[in-house]
Amino acid sequence: MNDETPAAPDMPPEPAAAPPQPSPSIETVTQQAVDRAEAAATRRRWVTLAELVGVAGLIIAAAGLWMSWSDRRADDQAKQVEKASEAKVRTLVMLKGTVEKGGDRLKLSDAAHDVQNIDVTFPSALGIAAQNSVLEPRIEASWFSGPLLSLTDNGPDSQEGRLPVLITASYWDADTERRDTAIYDVVWKTKGRMLLGRALHVEGLMLRERAGSKARLDAIWAREKPKPAK
1 MNDETPAAPD
11 MPPEPAAAPP
21 QPSPSIETVT
31 QQAVDRAEAA
41 ATRRRWVTLA
51 ELVGVAGLII
61 AAAGLWMSWS
71 DRRADDQAKQ
81 VEKASEAKVR
91 TLVMLKGTVE
101 KGGDRLKLSD
111 AAHDVQNIDV
121 TFPSALGIAA
131 QNSVLEPRIE
141 ASWFSGPLLS
151 LTDNGPDSQE
161 GRLPVLITAS
171 YWDADTERRD
181 TAIYDVVWKT
191 KGRMLLGRAL
201 HVEGLMLRER
211 AGSKARLDAI
221 WAREKPKPAK
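Straight run, no breaks: the sequence shown in the UniProt record's numbering ends on number 230.
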């Protein structure tokens, strides 16, 4: 018998320990920190730029909407003004004078309105009372011929001129009574006669000013009235 104890099996050699890694230098650590900071700053810049682009887009969109709304509003206002102007024009009276009775009368009419009544006011200096004409609007030469003939006396028999008068015309627009006031010029002319001295006749009617007043009428007459002959 063999009394020898069997030998222990060979154990694998233990792995060699990894060599220690050298500690990063202060420069490396600093550079890494700088790189991370720059990367973070770059990301922040891109985020900020994107936000600015987004805000700019919103501003542009808002500006576009405002301009579109402003244009529509301006168009609406222009249309309203145009409609109001058209409505105003439709209500205005434009009197025309037709000579009747050989120049003793002007028959007044307006093609767009059925004028039923007029009030005629004369310059205060002539001392003529206001006249009214109903149903058949007219101006009679006899209303003012006396003062004008006196004013132009001692001059040539044949004279002509314009007499400013303030005319208020009334008419009905459906259920609404409307009144339009303006200053007109009555065109007149004098001529000599064999008997009874000179005569005055009316020649026509011309619109002079819209929305006139008695004060304005007197101012026009004071400036333009015929000068008495010396």
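For each residue, glycine too, the CB sits at the ideal point set by N, CA and C.
Counting only the Cα atoms, residue 61 lies some 55 angstroms from residue 183. Taking C-alpha positions only, residue 50 is separated from residue 26 by approximately 36 angstroms. According to DSSP, residue 159 shares a beta bridge with 190. Taking C-beta separations shorter than 6 angstroms and ignoring five residues to either side along the sequence, the partners of residue 204 in its chain run 97, 187, following chain order. The beta carbons of residue 165 and residue 134 sit about 17 angstroms from each other, so the pair does not count as a contact at 8 angstroms. In the three-state DSSP reduction, residue 204 falls in the strand class (E or B). Membership of residue 119 in the beta strand (DSSP E) is indicated by the continuous run 117 to 121. With contacts defined as CB atoms closer than 8 angstroms, residue 218 and residue 123 qualify as a contacting pair.
Under the three-state reduction of DSSP, residue 217 is assigned to helix. Exclusion of the five residues before and after residue 127 leaves 147 as the residues of its chain whose Cβ lies within less than 8 angstroms of its Cβ. Look at residue 170 here: in three-state DSSP terms it is strand.
When the Cα atoms are used, residue 77 and residue 178 turn out to be separated by approximately 26 angstroms. DSSP, reduced to helix, strand and coil, places residue 195 outside both helices and strands of the structure shown, so it counts as coil. With a threshold of 16 other beta carbon atoms within 10 Å, residue 143 meets it and is buried.
In this structure, residue 114 lies away from residue 93, with their beta-carbon atoms at least 8 angstroms apart.
Considering only 101, 105, 136, the residue with the shortest C-alpha distance to residue 171 is 136. The C-alpha of residue 117 lies about 11 angstroms from the C-alpha of residue 131. Ranked by Cα distance from residue 211, the options 222, 100, 189, 181 are led by 181.
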